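**Student:** Have a look at this one.
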Amino acid sequence: MLQSLIFDMDGTLFQTDKILELSLDDTFNHLRTINQWDASTPIDKYREIMGVPLPKVWEALLPIHSDEMRKYTDDYFLKSLVENIRKGKGALYPNAKEVFSYLKENNCSIYIASNGLKEYLEAIVDHYDLNNWVTETFSIQQIQTLDKGDLVKTIIKKYDIKHAAVVGDRLSDINAARDNGLMAVGCNFDFAQEAELAQADVVIDDLKELKRIVSNINNSLSV
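Each residue of the sequence shown is one higher than the one before, starting from 1 at the first, in UniProt numbering.
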């Protein structure tokens, strides 16, 4: 029986692309005004590496900048993201709340494990009232290793979870499931890559498919 589902946030529950370009443009426009950038906003590059922790994002997008400037950029970007979330410019993926309600009704606990920063995650959770369904949201900031497998392990230990699935759109989510002996559900959404999804146990095109998956697993085990 599936006791719990552990969800990624960006590109899985939250349609990050709706605020990503806005916030990235805002950030790089600011860098231009302080003479720290003179090219176009590297949105395509960011899309390629979506899912990695933000410190690694800025290493890739600002390869010749100092650690101090990367930290400054990170802080500015975070503020822009949070502001856009609070303005309602983002969105959850279709059927997210419907699926959450189904899971709760079927005694399946819900957690979020994300490479996003705590303030950013809290803004999404608060704006969409996700605490009505989600037991706890975990940020990569809470562990030293910046490894998603270790973050999922933290959730498993804290809540004594035996049977669960990790739901996410990137290889880091699939590996986090595999590292902890859990089922990996790949989401074929905006930032997903075919080669990465091929390593998941099952792939979905819509969150509502989770209702069937959970039902089938639990029914087969109760027979």
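The C-beta atom is built at its ideal place from N, Cα and C for all residues, glycine as well.
Computed from a predicted structure; not experimentally measured.
1. What did DSSP end up calling Leu207 once you bin it into helix, strand or coil?
2. Evaluate the contact criterion for the region 76-93 versus the region 1-15: three or more CB pairs, one atom per stretch, below 8 Å.
3. Going by DSSP in three states, Val223 sits in which element: helix, strand or coil?
4. When every heavy atom of the ligand ADP is checked, does at least one fall within less than 7 Å of the C-beta of Pro94?
5. Short of 7 Å in beta carbon distance, which residues of its chain neighbour Lys208, apart from the five on each side in sequence? Order them along the chain.
6. If you reduce the DSSP assignment to three classes, tell me which class Val40 lands in.
7. In angstroms with no decimal places, state the Cα-to-Cα distance between Lys158 and Ala176.
8. Counting only runs of 3+ residues fully inside the region 79-163, write out the beta strand (DSSP E) ranges in chain order.
9. By Cβ distance, which residues of its chain are closer than 7 Å to Glu196, with the 5 residues on each side in sequence left out?
10. Measuring only the C-alpha atoms, how far is Asn218 from His30?
11. For residue 226, which residues in the same chain have their Cβ closer than 8 Å to its Cβ, ignoring the five residues on either side in sequence?
12. Would you mind giving the Cβ-Cβ distance between Asn84 and Leu22, rounded to the nearest angstrom? I have them listed as a contact below 8 Å.
13. Taking 8 Å as the cut-off, decide whether the C-beta atoms of Ile161 and Gln36 are in contact.
14. Per DSSP, Gly168 forms a beta bridge with which residues?
15. Would you call Asp44 buried or exposed, if buried means 16 or more other Cβ atoms sit within 10 Å of its Cβ?
16. Confirm, please, whether the CB-CB distance from Arg32 to Asp38 is below 8 Å.
17. Bridge partners of Ile6, per DSSP?
18. Roughly how many whole angstroms lie between the Cα atoms of Val223 and Glu105?
19. Buried or exposed for Asn180, going by 16 or more other Cβ atoms inside 10 Å?
20. Who are the Cβ neighbours of Leu61 in its own chain at under 7 Å, not counting the five residues just before and after it?
21. According to the neighbour-count rule (16 or more other Cβ atoms, all chains shown, within 10 Å of its Cβ), is Ala200 buried or exposed?
22. Mind checking whether Val185 and Ala165 have CB atoms under 8 Å apart?
**Tutor:** So, to answer that:
1. coil
2. yes
3. For Val223, the predicted structure reports a pLDDT of 43, less than 50, and the residue's modelled location is therefore unreliable. The matter cannot be settled from this model.
4. By its list of ligands, the structure shown contains no ligand whatsoever, and the ligand ADP lies outside what it can speak to.
5. Asn95, Glu98 and Val99
6. Checking the sequence shown, residue 40 turns out to be Ser, not Val. Correct three-state label for Ser40: coil.
7. 16 Å
8. Taking only runs of at least 3 residues, the beta strand (DSSP E) segments lying wholly in the region 79-163 are 109-114 and 134-139.
9. Close CB contacts of Glu196 within its chain, under the 7 Å cut and outside five residues either way in sequence, are with Arg170, Leu171 and Ile174 (chain order).
10. Between the alpha carbons of Asn218 and His30 lies a distance of about 51 Å.
11. The first residue shown for the chain is 1 and the last is 223, placing residue 226 beyond what the model contains.
12. 6 Å
13. no
14. Gly186
15. exposed
16. yes
17. Answer by DSSP bridge pairing, in chain order: Tyr111 and Val166.
18. Legend: pLDDT at Val223 = 43, less than 50; position of this residue unreliable, no value from coordinates given.
19. buried
20. Pro42, Lys45 and Tyr46
21. buried
22. Pairing Val185 with Ala165 gives a Cβ-Cβ distance under 8 Å.
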